[in-house]
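In the UniProt record's numbering, the protein residues as written are 1 to 203.
Each residue gets a CB set at the ideal place from its N, CA and C atoms; glycine is no exception.
These figures come from a predicted structure and were not determined experimentally.
The structure appears right after this line, and notes come after that.
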Ligand code: HEC
């Protein structure tokens, strides 16, 4: 009887479904139900169109492979990287960019730390501002111009996922992005990091 149990594909499939459904029930469902509460307690602001475009460059260039956006609530880490992440901070993050490896510093609270000019030089050639840097250079980001052709669809998708964009914001998105370089959009995104949540704590 016990030998039959391990050989039955049917029992394997049924037991897998039972275990997976249990995980959804205790892990996923309660968090979905808490979403309205998280939204009510969040100071996070939706990204503007140009920041959304910049975030896509951040993802496509793999910045998240070397940089985290996740400060844990530990004293030494907060001293180095600023305010620790809180659950309601990430309600508009699709997908989240917490990352898992810190070849470079954490960027959660990066906004306003440097000028736009500093970021421009650093992205074109990191060694010009940090001589010992091992970060790759991204000079082409300031040569490639965005058309903005897909930004409307991206904003609509984000709205579908719960980001409260108005019709006007979506209608003007293309105008905001068109003609800007990839690098400019990326800097707009970098300068927004942690700014909305820092205001809440008066930092
Ligand atoms: C191979 C790993 C690697 C990749 C990929 C990488 N970085 Fe870095 N980054 C670093 C390292 C190492 C440093 C620290 C030295 C420095 O400041 O250049 C750094 C520093 C930074 C800083 C300064 C942070 C601070 O607080 O001083 C910013 C901003 C930054 N990177 C942005 C980016 C962006 C945007 C991308 C993607 C376009 C990127 N990085 C890709 C390794 C990386």
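DSSP has residue i in a bridge; who is on the other side?
| i | result |
| --- | --- |
| residue 181 | 145 |
Is it the case that the CB of residue i approaches a heavy atom of ligand 1 more closely than 7 Å?
| i | result |
| --- | --- |
| residue 104 | yes |
| residue 184 | no |
| residue 110 | yes |
| residue 146 | no |
| residue 126 | yes |
| residue 78 | no |
| residue 45 | no |
| residue 136 | yes |
| residue 107 | yes |
| residue 39 | no |
| residue 190 | yes |
| residue 58 | yes |
| residue 65 | yes |
| residue 195 | no |
| residue 143 | no |
| residue 180 | no |
| residue 100 | no |
| residue 115 | no |
| residue 62 | yes |
| residue 130 | yes |
| residue 133 | yes |
Suppose the cutoff is 8 Å on Cβ atoms and the five residues either side in sequence are ignored; what does the same chain contact list for residue i look like?
| i | result |
| --- | --- |
| residue 129 | 118, 121, 122 |
| residue 259 | Examination of residue 259 is not possible in this model, given that the chain is present from 1 through 203 alone. |
| residue 149 | 174 |
| residue 142 | 120, 123, 124, 181, 182, 183, 184 |
Apart from the five residues just before and just after residue i, which ones in its own chain have a Cβ nearer than 7 Å to its Cβ?
| i | result |
| --- | --- |
| residue 84 | 71, 72, 73, 78 |
| residue 5 | 11 |
| residue 137 | 124, 125, 126 |
Label residue i either buried or exposed according to how many other C-beta atoms from any shown protein chain fall within 10 Å of its C-beta, with 16 as the threshold for buried.
| i | result |
| --- | --- |
| residue 8 | exposed |
| residue 89 | buried |
| residue 192 | buried |
| residue 179 | exposed |
| residue 19 | exposed |
| residue 40 | exposed |
| residue 213 | Residue numbering for the chain in the displayed model covers 1 to 203; residue 213 lies beyond these limits and cannot be assessed. |
| residue 106 | buried |
| residue 96 | exposed |
| residue 68 | buried |
| residue 13 | exposed |
Among residues of its own chain, excluding the 5 on either side of residue i, which ones have a beta-carbon nearer than 6 Å to its beta-carbon?
| i | result |
| --- | --- |
| residue 10 | none |
| residue 188 | 50, 51, 54 |
| residue 204 | Here the chain has residues from 1 to 203 only, and residue 204 is not among them. |
| residue 91 | 38, 39, 42, 44 |
| residue 64 | 97, 99 |
| residue 177 | 49, 50, 53, 146, 148, 151 |
- Which full runs of the beta strand (DSSP E) of 3+ residues lie inside the UniProt domain "Cytochrome c" (49-181), going along the chain? For the UniProt domain "Cytochrome c" (49-181), not a single whole beta strand (DSSP E) run of length 3 or above is found.
- Report the residue ranges of all beta strand (DSSP E) runs contained in full by the region 15-48; include only those spanning at least 3 residues, in chain order. Complete beta strand (DSSP E) runs here, min 3: none at all.
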